[in-house]
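Under UniProt numbering, the first residue of the sequence shown is numbered 1, with each subsequent residue one higher. Glycine included, each C-beta is placed from N, C-alpha and C at the ideal position. Please read all numbers here as calculations on a predicted model, not as lab measurements. Step one of this worksheet: look at the structure below.
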Amino acid sequence: MRDQRVWRDVNRRNRDWLRPWEATIPPPTASGPIVHRPTYRQMVRHLRAEANAGRMLPFVIEYQGRLVGQLTVAGITWGSMCSGHIGYWVDESVAGRGVMPTAVALAVDHCFRSVGLHRIEVCIRPENAPSRRVVEKLGFREEGMRPRYLHIDGAWRDHLVFALTVEEVPEGLLRRWHRARPRNTA
């Protein structure tokens, strides 16, 4: 809860930049309830409840000591699947500095090594070139298209599915990212 002011400031400052990629609430159907975007407190309560139930791992992303984004491992499924999916956003002011690939690599390594997941997916709108670069840099494999997968920016949008399994990164994703990363970046 103590991050509310900073989180809101970063999110508000980046509203136009994030709008084309962030999930939205679809309009109500004749039989469905009216759902509104949650408040910050409601979002945090939901993230905590899902984390306590073992279905989600929410993180804030910091760069040089300041909050610059959010990463969530959600949809965690156990049993014969042992998988989850990652969603993220980052402050436009730090985009392109390797912050998000590093955050995703750290989260994947935590999921594979500490949590015990076997597979991680990232679903991205085809038009979202910066987000696609994140998974491409990290070596996620593209698996296909999910038509009308999520409600984003007022409509049901197609998403490309990228995935990685623990067997594909025996040395760890962060280590692979550091080896592949150009030396002259921040």
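Could you pull out every residue in the same chain whose Cβ sits closer than 7 Å to the Cβ of R37, ignoring the five residues on either side in sequence? I25
For T39, which three-state DSSP category applies? coil
Tell me the residue span of the beta strand (DSSP E) that contains P58. L57 to Y63
May I ask which residues mark the beginning and end of the beta strand (DSSP E) holding residue 187? A query on residue 187 cannot be resolved here, the shown segment of the chain reaching from 1 to 186 and no further.
Taking 8 Å as the cut-off, does the segment 132–142 touch the segment 160–168 (at least 3 CB pairs, one atom from each stretch)? yes
Counting Cβ pairs closer than 8 Å, one from the segment 147–154 and one from the segment 171–180, do we hit at least three? no
Could you tell me the distance, in whole angstroms, from the CA atom of V115 to the CA atom of R176? 20 Å
Can you list, in chain order, the stretches of the beta strand (DSSP E) that have 3 or more residues and sit fully within the segment 87–135? 119–124
Considering just the uninterrupted stretch of the alpha helix (DSSP H) at A180, what are its terminal residues? L173 to A180
For P130, collect the residues of the same chain with a Cβ closer than 7 Å to its Cβ; drop the 5 residues on either side in sequence, then sort them by chain order. A95
Bridge-paired residues (DSSP) for V73: L57 and I86
Please state if the CB of L18 and the CB of W78 are separated by a distance shorter than 7 Å. no
Going by CA-CA distance only, name the one from G54, A103, H46 and A53 that's closest to V68. A103
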